[in-house]
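Chemist: According to numbering that gives the first Met the number 0, the stretch in the sequence shown is residues 0 to 276, in order. Cβ atoms here follow ideal geometry from the backbone N, Cα and C, with glycine treated the same way.
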Amino acid sequence: MSQNDGLYEFMMRNSRTVTERWYEKLDKNEGVYASRNQEVIDQLKEQNHAFHPRFFTIFNSTIDEFQSTLEPWVREIARDEYHQNTPIHLIIREFAHNQRLYEQLLEEYFEQFSEERRGRDELDWTVTISEAMNTVIQMFAKAYDEIAESRNLAQQRTIAELSAPVLLLTKHTALLPIVGDIDTYRAKIMLEHTLQQCAEKQVSTLFMDLSGVPIVDTMVAQQLFQLIQGLRLLGVHTILSGLRPEIAQTAVQLGIQFDEVSVRSSLSQAIHEKGLL
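1) Going by DSSP in three states, residue 35 sits in which element: helix, strand or coil?
2) Kindly indicate the opening and closing residues of the alpha helix (DSSP H) around residue 244.
3) Can you check DSSP and say which residues form a bridge with residue 86?
4) Which class does residue 67 belong to by DSSP, given the choice of helix, strand or coil?
5) Do residue 269 and residue 206 have their C-beta atoms closer together than 7 Å?
6) Report all residues from its chain with a CB closer than 8 Å to the CB of residue 94; omit the five preceding and five following residues, and keep chain order.
7) Evaluate the contact criterion for the segment 97–107 versus the segment 27–46: three or more CB pairs, one atom per stretch, below 8 Å.
8) Taking buried to mean at least 16 other C-beta atoms within 10 Å of its own C-beta, is residue 204 buried or exposed?
9) Could you spell out the range, first to last residue, of the beta strand (DSSP E) harbouring residue 266?
10) Buried or exposed: where does residue 274 fall if 16 or more other Cβ atoms within 10 Å of its Cβ makes it buried?
11) Taking C-beta to C-beta, are residue 174 and residue 161 nearer than 7 Å?
12) Measure how close the beta-carbons of residue 208 and residue 244 come, nearest whole angstrom, since I'm counting them as under 8 Å.
13) DSSP on residue 4, reduced to helix/strand/coil?
14) Just tell me which of 52, 80, 21, 15 has its CA closest to the CA of residue 278.
15) Rounded to whole angstroms, what's the CA-CA distance from residue 35 to residue 13? Just pull it up for me.
16) Can you tell me which of 123, 130, 18, 100 puts its alpha carbon nearest to the alpha carbon of residue 65?
17) Looking at the structure shown, is residue 204 part of a helix, part of a strand, or coil, going by DSSP?
18) For the segment 180–187 and the segment 216–225, state whether three or more C-beta atom pairs, one from each stretch, are separated by less than 8 Å.
19) Assign residue 12 to one of three DSSP states: helix, strand, or coil.
20) Return helix, strand or coil for residue 171, following the three-state DSSP convention.
21) Which partner residues does residue 279 have in the DSSP bridge list?
22) Kindly give me the distance between the Cβ atoms of residue 62 and residue 98, rounded to whole angstroms, as I take these residues to be in contact under 8 Å.
23) Have a look at the DSSP bridge pairing and note the partners of residue 285.
24) Looking at residue 232: is its Cβ nearer than 7 Å to the Cβ of residue 198?
25) Note down, in chain order, each residue of its chain lying with its Cβ closer than 8 Å to the Cβ of residue 263, except the 5 sequence neighbours on either side.
26) From residue 169 to residue 27, what distance separates their C-alpha atoms?
27) Select from 10, 212, 213, 226 the residue whose C-alpha is nearest the C-alpha of residue 191.
28) With a threshold of 7 Å between beta carbons, is residue 69 in contact with chain D?
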């Protein structure tokens, strides 16, 4: 048996011990580590223990094989809801905690050898563990940021969709009340969401009220005009109301034509003319 294999087997035999030592010394004041729920604690321990055999492949495989082995675990933890709600610096702290435990175990392993061999080989493997842990931390930070960004974009999209509800007034008549500032991203989501909702709800007439919109820049005005054009292609007649002078001026400057769109000064007037009041 080679020394590498012997070290690997020693580490594997003591993997559960590492987890117990880790949890015993764990700072349990913040994040997922502060949970008192036994199910969460058990899951946390299993996640930690599952890391060890993957990390220990550094003793008998190439760096590429090592990274491939770690990748599924890294992404699983990065996606984990409890870890996503834990500040990343606390998670990185625990990677460093595990590194110290590995170095402690390494020292225990080399106690069986002569002092000369122990000093040389133990130092080499200590450096290897340190470099490998740095690689893992970089992998985790990248995955954590990617998943957090993906969730953030999904939340932004949901908020944007909820801020542009298509409300049915009658079977085929609906209202789109637009309130607040509109940026380019919100305008894009509004376009997609409104077209989809009007098609699904079989809307033929849509009241689009802009009285709650304080200002519209040129990019957003173009997006709104594209929305109106898209609705027309779906066979939806759009009735605009609540156009502020500033918005009207922007439309004129852009050369936007509202020839095929009904425009009313207020939502109440538009609804009244349709006999809905």
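Modeler: In brief:
1) What you label residue 35 is simply residue 36 of the sequence shown in a count that begins at 1. Three-state result, residue 35: coil.
2) To locate residue 244, count along the sequence shown from 1; it is residue 245. Run containing residue 244: 244–253, per the alpha helix (DSSP H) assignment.
3) By 1-based counting over the sequence shown, the position of residue 86 is 87. BP columns for residue 86 are empty, so no partner.
4) Along the sequence shown, read from residue 1 onward, the residue named residue 67 stands at position 68. Assigned with DSSP and collapsed to three states, residue 67 falls in helix.
5) As a first step, residue 269 must be located in the sequence shown, where it is residue number 270. As a first step, residue 206 must be located in the sequence shown, where it is residue number 207. Yes, the pair counts as a contact, with Cβ atoms nearer than the cut-off.
6) Counted from its first residue, the sequence shown places residue 94 at position 95. Result list for residue 94: 132, 135, 136, 139, in chain order.
7) no
8) As a working note, residue 204 is residue 205 in the sequence shown. Buried, since its Cβ has 16 or more Cβ neighbours within 10 Å.
9) Taking the sequence shown and counting its residues from 1, the one referred to as residue 266 is at position 267. Looking at the DSSP string, residue 266 is not in any beta strand (DSSP E); the run it does join, the alpha helix (DSSP H), is 266–272.
10) For the purposes of this step, residue 274 is identified with residue 275 of the sequence shown, where counting begins at 1. Exposed, because fewer than 16 other Cβ atoms sit within 10 Å of the Cβ of residue 274.
11) Position 175 of the sequence shown, counted from the start, is the residue given in the question as residue 174. Position 162 of the sequence shown, counted from the start, is the residue given in the question as residue 161. It is not a contact, given that the beta carbons lie outside the stated cut-off.
12) Taking the first residue of the sequence shown as position 1, residue 208 is located at position 209. Taking the first residue of the sequence shown as position 1, residue 244 is located at position 245. Contact doesn't hold; Cβ gap of about 16 Å is too wide.
13) Looking up residue 4 in the sequence shown gives position 5. Three-state result, residue 4: helix.
14) Outside the displayed span of the chain (0 to 276) sits residue 278, for which this structure offers no information.
15) Position 36 of the sequence shown, counted from the start, is the residue given in the question as residue 35. Position 14 of the sequence shown, counted from the start, is the residue given in the question as residue 13. So the two alpha carbons sit approximately 26 Å from each other.
16) Mapped onto the sequence shown, residue 65 falls at position 66. Of the listed residues, the one whose Cα sits closest to residue 65 is 130.
17) The sequence position of residue 204 within the sequence shown is 205, counting from 1. Reduced to three states, the DSSP call for residue 204 is strand.
18) yes
19) Locating residue 12 in the sequence shown gives position 13, counting from the first residue. Helix.
20) Taking the sequence shown and counting its residues from 1, one reaches residue 171 at position 172. Three-state result, residue 171: coil.
21) The structure shown does not extend to residue 279, since the chain is modelled only from 0 to 276, so the question has no answer here.
22) Along the sequence shown, one-based indexing puts residue 62 at 63. Along the sequence shown, one-based indexing puts residue 98 at 99. That belief does not hold up - the Cβ atoms of residue 62 and residue 98 are roughly 17 Å apart, past 8 Å.
23) There is simply no residue 285 to check, as the chain begins at 0 and stops at 276 in what is shown.
24) For this step, residue 232 is matched to residue 233 along the sequence shown. For this step, residue 198 is matched to residue 199 along the sequence shown. Going by C-beta atoms, residue 232 is not nearer than 7 Å to residue 198.
25) Residue mapping note: residue 263 aligns to position 264 of the sequence shown, counting from 1. Excluding positions up to five away in sequence, the list reads 238, 239, 240, 269, 272.
26) For the purposes of this step, residue 169 is identified with residue 170 of the sequence shown, where counting begins at 1. For the purposes of this step, residue 27 is identified with residue 28 of the sequence shown, where counting begins at 1. If I take the Cα positions, the gap works out to 56 Å.
27) By one-based count along the sequence shown, residue 191 stands at place 192. Taking only the C-alpha atoms, the option nearest residue 191 is 226.
28) Considering every chain present, this structure includes no chain D. It has just one protein chain.
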